[in-house]
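The block underneath contains the structure these notes are about, expressed in structure tokens.
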Amino acid sequence: MESLPFHLLEEILFKLDPKSLVMMQCADKSIKSHVSKDPYFKPEYFPRLGSDLLHMSSLGSNLLFCHSNDSRSTRDNNKDPLKIEFSHILGSCSGLLLLFIHGLCMANPLTKRFRFLDHSKSNLLSDTGRNRLSRKNKNRIGFMADGITQRFNIVCVQELNASNPDETMYRFEINSGDSRWRLSKSTVTCGSSNLMTGMKPVYLNGSLHWLRNDGSIVAFDPETQRARLIPTILPQGIIRSKILFAAGDNKLALVSTTVEAIYIFTLEEISTDHPKWVLAKRIVSLEDKENINVVAYDGKCLMVRETKKKSYDGLVHGYDLRANKWRVIGSIPGSCDSAHDFYQFKPSFFSVKVLVDVMTMVHDHDDKRMSSLCTIMRLIDEMSHTLRTC
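Residue numbers (UniProt numbering): 1 to 390.
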């Protein structure tokens with residue numbers, strides 16, 4: 001490989017799936033050196049990968065569904081869900097997953113490295129048992145992993161009554177990978193409104209964002225500890241139960257569905273006092289579909305869940321925004337409850353500097369929590385092995 005021209009070597013490496021790339025690094029020191037030392041390789045490589053879809057009941061479940069979003073994948077997207085210990089998915093960022101399996105756990109399924117985190121000292125999570133998280137608490141937990149700084153943060157936002165009864169105060173609790181939960185000195189006090197029920201926080205450009213019922217957004221940067229309110233209002237005509245708060249193309253986005261079309265709004269002028277939602281794209285909805293809800297969006301792909309009233313099974317459809325084309329990604333058994341949490345996951349051998357000395361290789365043993373974690377990692381490793389560049 002050392003004799004290959006630089007451009008040809010990169011062309012070959014860019015076509016490898018993540019697992020094969022890791023194996024190539026183990027077999028060839030020159031490739032390992034190139035991948036680890038070239039500052040432009042990873043930012044160029046990972047955007048070429050497609051995102052897969054993980055989902056389970058919003059109330060937590062012992063069933064995890066996985067769908068590959070690559071048309072060339074050999075994985076059976078209609079196979080039975082994975083049976084594990086009762087768990088929650090809390091976040092997905094830069095190839096890392098934040099899970100709740102009898103406690104918080106952060107893991108990279110591709111590299112097989114993980115870290116269990118103590119939530120007992122958290123003000124928000126201290127009353128949480130080892131088995132279940134309430135849906136309200138779950139959506140107040142934000143997770144971010146920064147590929148540039150190679151750090152991660154878990155942030156819990158708390159809603160408190162302000163001294164003025166017409167106002168709400170938000171404060172933030174941070175964990176950066178150790179047993180300490182730090183309460184930020186930064187707070188946000190604003191007009192009274194609750195965080196939107198069932199809406200997950202969104203990570204973008206170093207900050208976590210929570211959407212409120214009045215359309216405004218609470219934003220917090222755990223590195224600078226800057227907290228602020230983004231004074232937006234929801235676009236006219238959208239149905240609250242039919243929207244998704246997400247990020248794509250380096251912008252916050254709202255995706256709204258109607259019978260006729262799906263609308264993608266992006267937030268413009270976010271750093272000003274007058275940010276506004278602008279319609280960026282209109283997609284003709286799927287024909288003859290009874291009930292659809294947008295479940296995931298990343299700027300490249302849009303995913304919707306179709307619920308069928310006259311059939312036991314529902315379907316997950318994906319829309320490629322570059323090719324302007326729909327396709328079926330997988331099915332969901334009718335026995336599943338209607339409320340599911342969906343997360344796009346892109347495998348990565350991303351490592352977090354702060355955890356290098358404390359993360360441990362996964363080994364199977366009798367502990368149920370470890371057994372479930374190992375099972376999840378093996379399944380996602382299987383998915384990443386079939387993943388190919390777009």
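Idealized CB from N, CA, C, for every residue including glycine.
No experiment lies behind these values; they were computed from the predicted model shown.
Same chain, Cβ closer than 6 Å to residue i, five either side skipped, listed in chain order
i: C189; result: The sequence as given places Thr at residue 189; Cys does not occur at that position. Cβ within range, chain order: A162, E167 and M169.
i: F41; result: V35
i: I233; result: G215
i: W181; result: K121, S122, E173 and N175
i: L133; result: H88 and F100
i: residue 396; result: Only positions 1 to 390 of the chain appear in the structure, and residue 396 is not among them; the question remains open.
i: I238; result: S256
i: V356; result: In this prediction, V356 has a pLDDT of 38, which is less than 50 and means its spatial position is unreliable; what the coordinates show is noted afterwards. Correct list: empty, nothing qualifies.
i: Q225; result: S184 and S186
i: P222; result: N153, V155 and I174
i: P5; result: none
i: P231; result: S216
Where residue i sits in the DSSP three-state scheme
i: V255; result: strand
i: L9; result: helix
i: K138; result: helix
i: L379; result: helix
i: K325; result: strand
i: R132; result: coil
i: E269; result: coil
i: residue 424; result: This structure does not reach residue 424, given that the chain is present from 1 up to 390, and the question cannot be answered.
i: S58; result: coil
i: S20; result: helix
i: K242; result: helix
i: E85; result: strand
i: D76; result: Note that D76 has pLDDT 47, beneath the 50 cutoff, so the model's placement of it is unreliable and the number below is only indicative. If DSSP states are grouped into helix, strand and coil, D76 belongs with coil.
i: Q344; result: strand
i: L234; result: coil
i: K121; result: coil
i: L373; result: helix
i: F336; result: Strictly speaking, residue 336 in this sequence is Cys, with Phe absent from that position. Correct three-state label for C336: coil.
i: V362; result: Unreliable positioning characterises V362 in this predicted model, as indicated by a pLDDT of 47, which lies under 50. The coordinate reading is nonetheless provided below. If DSSP states are grouped into helix, strand and coil, V362 belongs with coil.
i: S71; result: With a pLDDT of 47 at S71, under the threshold of 50, the modelled position of that residue is not reliable, and no figure is offered here.
Extent of the continuous alpha helix (DSSP H) run through residue i
i: H34; result: K29 to K37
i: N291; result: It is not in any alpha helix (DSSP H) - N291 carries neither H nor E in the DSSP assignment.
Cβ separation of residue i and residue j, assumed to be a contact under 8 Å, to the nearest whole Å
i: Q158; j: L124; result: 6 Å
i: V294; j: L286; result: With a Cβ gap of about 12 Å, V294 and L286 do not count as contacting.
i: A107; j: L117; result: The Cβ separation is near 11 Å, so there is no contact.
i: S51; j: Q344; result: 4 Å
i: R171; j: S184; result: 7 Å
i: S57; j: H340; result: 6 Å
i: S186; j: A145; result: Not a contact, Cβ separation roughly 21 Å.
i: T375; j: S338; result: About 26 Å separates the two Cβ atoms, so there is no contact after all.
i: K368; j: E85; result: 5 Å
i: residue 422; j: F265; result: Shown here, the chain extends from 1 to 390; a query on residue 422 therefore has no answer.
i: M199; j: N139; result: 6 Å
i: L53; j: I329; result: 7 Å
Residue span of the beta strand (DSSP E) that contains residue i, given as start and end
i: R228; result: R226 to I230
i: N108; result: L104 to N108
i: K276; result: K276 to V284
i: I217; result: I217 to D221
i: L315; result: G314 to D320
i: L97; result: L96 to F100
7 Å CB neighbourhood of residue i in its chain, flanking five on each side removed
i: P81; result: L63, L64 and F65
i: M377; result: A107, P109, K112 and V362
i: R282; result: A261 and Y263
i: R212; result: S193, N194, L195, M196 and V218
i: D320; result: C301
i: E11; result: none
Spatial neighbours of residue i in its chain, beta-carbon cut-off 8 Å, leaving aside the 5 residues before and after
i: D298; result: S51, A246, A247, G248 and Q344
i: L229; result: V188, C190, S216, I217, V218 and A219
i: residue 408; result: A question about residue 408 goes unanswered here, because the residues of the chain that appear run from 1 up to 390.
i: E268; result: K251, P275, K276, W277 and V278
beta-carbon residue i near the ligand MG non-hydrogen atom, thresh 7 Å
i: L64; result: As for the ligand MG, it is missing from this structure, which has no ligand bound.
Curious, which full-length beta strand (DSSP E) runs of at least 3 residues does the segment 147-215 contain?
-> For the segment 147-215, whole beta strand (DSSP E) runs of length 3 or above, ordered along the chain, are 151-161, 167-175, 182-191, 202-204 and 207-211.
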